[in-house]
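Per the working numbering: the sequence shown = residues 588 to 704.
Remarks on the structure that follows.
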Amino acid sequence: QVHLMESGGGLVQPGGSLRLSCAASGPIYSISAMGWYRQAPGKQRELVASIDSGGSTNYADSVKGRFTISRDSAKSTVYLQMNSLKPEDTAVYYCNTVWGFPLRASWGQGTQVTVSS
588 QVHLMESGGG LVQPGGSLRL SCAASGPIYS ISAMGWYRQA PGKQRELVAS
638 IDSGGSTNYA DSVKGRFTIS RDSAKSTVYL QMNSLKPEDT AVYYCNTVWG
688 FPLRASWGQG TQVTVSS
């Protein structure tokens, strides 16, 4: 089982930046992709950004140009650099990974990001 541990959430003013980290443990060699989702109150969980084993990235239209997903060389930690934050970015951010064969998913516990003045 791949386990995920997130860190880096908090309170930031509009226009500010935050960096989220997600460290994976367990059979990380079997990871196919990692990503970040978010869920705001009363809304469905949505994909924010993802990165696959080849390094290809995918972003939600709402964060393109502001957020950047990356990972370390060991491919065990994924980061989400969030710039030019807006109040509508306020949500609980969850790290996700798809791993193993057959594919299965693991989720982190979530980290709160609040953008407010």
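Using N, Cα and C, we set each Cβ at its ideal position, and we do this for glycine too.
- Judged by DSSP in its simplified three-state form, SER649 adopts coil rather than helix or strand.
- Assignment of beta-bridge partners to GLU593 by DSSP yields CYS609.
- Burial of PHE654 is indicated by the presence of at least 16 other C-beta atoms within 10 angstroms of its C-beta.
- Rounded to the nearest whole angstrom, the CA to CA distance from TRP686 to ALA647 is 22 Å.
- Contact between the region 657 to 667 and the region 688 to 703 is absent, with fewer than three C-beta pairs closer than 8 Å.
- The alpha carbon of GLY613 has as its nearest neighbour, out of ASP639, VAL702, THR684, ALA678, the alpha carbon of THR684.
- Cβ-Cβ separation between PRO601 and VAL702: approximately 6 Å, consistent with a contact (criterion under 8 Å).
- The three-state secondary structure of ASP676, taken from DSSP, is helix.
- Annotated three-state conformation of SER619 is strand, per DSSP.
- Going by beta carbons, TYR680 and GLY596 fall inside the 8 Å limit.
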